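For reference, the structure discussed in these notes is given below.
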Amino acid sequence: MAVIEEVVESAPSSSDSAPGGKLAEGREQEMAGAPVSDDADDLEAIEPEYDMLKAQDAKALGNSHYSAADWQLAADAYTEAIMWAPPEAEEKAVYHCNRAACYVKLGQWDAVVDDCTSALEAQPRYVKALSRRMQAFEALDKPTEALGDARLLAEIESTAAARATVSRLEKVEAEKLEREKEEMMGKLKDLGNMFLGNFGLSVNNFKATKDESTGSYNISYDPNA
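Under UniProt numbering, think of the first position of the sequence shown as 1, with each following residue one higher.
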């Protein structure tokens with residue numbers, strides 16, 4: 001089970017925070033009640049409203065939902081934390097990574113990649129974000145991308161387990177590349193037969209021998225095949 005990471009102490013609940021996972025809705029209502037101005041200078045002066053206390057409250061709520069295995073409610077709470085936190089807040093990377101942990105449980109792998117990437121943009125060597133994104137890439141059948149994260153994890157952690165993961169993903173990547181080559185050769189064979197049939201030939205008249213040292217193929221012609 002993924003572990004939710006804490007980087008700051010839980011803050012006291014804000015008296016004006018909306019209850020029960022409704023922080024984002026309350027924020028929208030506050031913004032909806034703001035006066036609208038047609039003056040360009042006034043519009044430029046309006047800045048998004050951020051509140052770290054509300055962000056911390058939302059994170060705490062997310063942690064509570066996560067502990068109760070309420071993955072979607074936890075993800076919603078972390079979304080509220082992300083909305084309330086200013087862009088420069090260091091905690092925002094943790095909120096993204098925590099939401100990614102929820103998406104792992106929900107099997108929403110593309111969302112895991114997106115959140116972990118957001119976390120890594122702020123903290124490029126964030127181990128939990130790298131680990132979760134690696135897991136998501138592998139689930140999405142993207143072993144090359146997963147291997148890239150695994151290698152960075154092995155560099156950061158330098159453990160036997162991390163190195164074993166690199167070795168395993170190298171094999172997975174090689175197997176996928178081999179499958180793709182075989183699929184391409186099959187397509188080329190079908191295309192070749194369509195063309196060579198006009199001359200009474202087929203690709204069976206040509207033998208492809210793989211060079212194991214380079215992975216390339218040597219083609220020879222046999223008119224009697």
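Note that CB positions come from ideal geometry on N, CA and C, so glycine has one too. The model shown is predicted, which means the values in this text are computed figures rather than measured ones.
My output table needs one value for residue i: the three-state DSSP class, helix, strand or coil.
i: Tyr221; result: strand
i: Thr165; result: helix
i: Ala69; result: coil
i: Thr209; result: strand
i: Asp141; result: coil
i: Glu49; result: coil
i: Leu152; result: helix
i: Leu147; result: helix
Spatial neighbours of residue i within its chain, please: C-beta separation below 7 Å, excluding the five flanking residues on both sides.
i: Ala50; result: One detail in the question is off: residue 50 reads as Tyr in this sequence, not Ala. Trp84, Ala85, Pro86, listed in sequence order.
i: Pro48; result: none
i: Trp109; result: Ala136, Ala139, Leu140
Suppose the cutoff is 8 Å on Cβ atoms and the five residues either side in sequence are ignored; what does the same chain contact list for residue i look like?
i: Ser14; result: Because the pLDDT of Ser14 is 39, which lies under 50, any placement of that residue in the model is unreliable, and the number read from its coordinates should be weighed accordingly. Within the same chain, Ser14 has close Cβ partners Asp51, Leu53, Lys54, Asp57.
Which whole-angstrom value describes the C-beta separation of residue i and residue j, a residue pair presumed to lie in contact below a C-beta threshold of 8 Å?
i: Glu113; j: Phe137; result: Here the sequence assigns Val to residue 113, which means Glu is not the residue at that position. 7 Å between Cβ atoms; contact.
i: Ala122; j: Ala75; result: No, Ala122 and Ala75 are not in contact; Cβ-Cβ is about 19 Å, not under 8 Å.
Quick one: residues in its chain with C-beta nearer than 6 Å to the C-beta of residue i, no 5 flanking neighbours on either side, listed in chain order?
i: Ala146; result: Met134, Phe137, Glu138, Leu169
i: Cys116; result: Ala100, Ala129, Arg132, Arg133
i: Ala162; result: Leu153, Ala154
i: Gly215; result: none
Where are the alpha helix (DSSP H) runs, 4 residues long or more, that stay fully inside the stretch 74–124, in chain order?
-> Segments of the alpha helix (DSSP H) lying fully in the stretch 74–124: 91–106, 109–122.
So, do the stretch 147–154 and the stretch 164–182 have three or more beta carbon pairs nearer to each other than 8 Å?
-> Verdict: yes, contact present.
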